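**Student:** Below you will find the structure I want to go over with you.
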Amino acid sequence: MSPSSIATLTLFGLLTLGTSGCAVSRDQSTVGQYVDDASITARVKARFADDPTVSAMAISVETLRATVQLSGFAKSATEKSRAESIARDTPHVKGVINDIVVRP
Numbered sequence: 020m021s022p023s024s025i026a027t028l029t030l031f032g033l034l035t036l037g038t039s040g041c042a043v044s045r046d047q048s049t050v051g052q053y054v055d056d057a058s059i060t061a062r063v064k065a066r067f068a069d070d071p072t073v074s075a076m077a078i079s080v081e082t083l084r085a086t087v088q089l090s091g092f093a094k095s096a097t098e099k100s101r102a103e104s105i106a107r108d109t110p111h112v113k114g115v116i117n118d119i120v121v122r123p
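If you count by this note's numbering, then the sequence shown holds residues 20 to 123, one letter each, in order.
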C-alpha cells in the first residue's frame, strides 16, 4: 500500500470519527435537537419565573426530544398543577412528565 493511500485512508477515518461525534449524549440524536431541547427548557423556566404561583427555584426542568420532565418540590397541589400547565402550554413541547412532589 502506498503512503498516499495510507494517508487518504487515515484522513477518511478521522473524518468519519469526527462526524459520528455529533451525537450529543445517549438517546440524543443530533446537536440541533439538543439546541431545541435547551431552548424549550429555557422557555419553561422563564415562564415559571414570571408566574407568581410557581417557584422557579424549587422545580427543575429537563427536556429530551421535546418531552419536558418536571421534578422537585411544590408547596401545594395547585402549584404542581400550574407548573405542568405552564410546561404543556409552552411552544414545541410534545409531552410533560410531572414528577413534582407536593411537600407542605
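Note that the Cβ used here is the ideal one computed from N, Cα and C, for glycine as well. Fair warning: this is a prediction, and the values are worked out from it, not measured in the lab.
Relative to the C-alpha of N117, which candidate in P110, I59, E81, T72 has its C-alpha closest?
**Tutor:** Comparing Cα positions, the closest option is E81.
**Student:** Rounded to whole angstroms, what is the Cα-Cα separation between G37 and L83?
**Tutor:** Because G37 sits at a pLDDT of 47, beneath the cut-off of 50, its placement in the model cannot be relied upon, and the point is left open.
**Student:** Per DSSP, what kind of secondary structure is P110 in: helix, strand or coil?
**Tutor:** coil
**Student:** Could you say which of V54, I119, T72 lies nearest to G91 if we only look at CA atoms?
**Tutor:** I119
**Student:** Taking Cβ positions, are T97 and T72 nearer each other than 8 Å?
**Tutor:** yes
**Student:** Going by DSSP, name the residue or residues bridged to F92.
**Tutor:** V120
**Student:** Within this structure, are the beta carbons of I105 and A85 separated by less than 8 Å?
**Tutor:** no
**Student:** When you compare the CB positions of I78 and A102, do they come within less than 8 Å of one another, or not?
**Tutor:** yes
**Student:** Please classify V50: does DSSP put it in a helix, a strand, or coil?
**Tutor:** helix
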